[in-house]
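For the sequence shown, the working numbering begins at 536 and goes up steadily by one.
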Amino acid sequence: MSIWLHDRHIAEFYECDPAGIVHNSKYFIWFEQARFKIAKEAKIMECMKEEASNNDSYFFPVIEAECKFIRPIPLGTELIIKTQLKKPIVAKFAFKHVVTDAITGIEYARAKTQVSICSDKRGMIMNLSPNLKQVIEKYLSRKE
536 MSIWLHDRHI AEFYECDPAG IVHNSKYFIW FEQARFKIAK EAKIMECMKE EASNNDSYFF
596 PVIEAECKFI RPIPLGTELI IKTQLKKPIV AKFAFKHVVT DAITGIEYAR AKTQVSICSD
656 KRGMIMNLSP NLKQVIEKYL SRKE
């Protein structure tokens with residue numbers, strides 16, 4: 536089982552609607568930031584750069600996103616956004632996300648996102664290379 540990335544965040548004014556509640560679109564921005572932090576920690580981006588051939592580049596589209604909004608987040612709330620990379624299947628990275636109050640531990644949201652790897656040059660979803668699988672396995676085997 537892989538470790539959880541814990542990101543602290545304070546709900547900002549620009550993230551809120553006129554009622555002072557975080558708009559639901561902002562959650563997905565937080566999830567994306569967390570996914571990229573995990574990719575950096577796991578050295579996924581580094582591995583992808585090494586494997587890029589013939590001036591090809593890769594991008595990581597979100598192919599599935601699901602979020603259960605449990606309760607509204609008021610302006611100024613200190614949050615912990617927990618994200619976990621699950622073991623990849625074929626060419627998909629699956630992530631779990633949990634948004635909680637940093638002080639009380641109250642849960643605000645639970646989410647799942649799936650991301651694939653696509654070749655810019657070939658315009659198609661890529662399978663994980665053996666080297667990338669190894670990099671991910673190493674990250675997933677870390678202890679909390």
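Positions of the beta carbon are idealized from the N, C-alpha and C atoms, including for glycine.
If the criterion is Cβ atoms closer than 8 Å, does the pair residue i and residue j meet it?
i	j	result
L540	I579	no
I608	V557	yes
L614	A600	no
K621	S651	no
A546	G611	yes
S592	D552	no
E586	S676	no
Which residue from the options puts its Cα closest to that of residue i?
i	options	result
Y674	T648, P623 and R657	P623
F571	K561, G658, E550 and F594	F594
T648	D552, K603 and C551	K603
R543	E672, V634, C551 and S676	V634
K631	N666, I598, R606 and F566	F566
I605	I538, N559 and Q568	N559
Please classify residue i: does DSSP put it in a helix, a strand, or coil?
i	result
I538	coil
P609	strand
K647	strand
I641	coil
F595	coil
State the Cα-Cα distance for the pair residue i and residue j, rounded to the nearest angstrom.
i	j	result
C582	Q669	10 Å
F563	A646	9 Å
K617	M659	30 Å
Below 8 Å on the Cβ atoms is my contact criterion, and I expect residue i with residue j to pass it. Report the Cβ-Cβ distance as a whole number of Å.
i	j	result
K561	E550	4 Å
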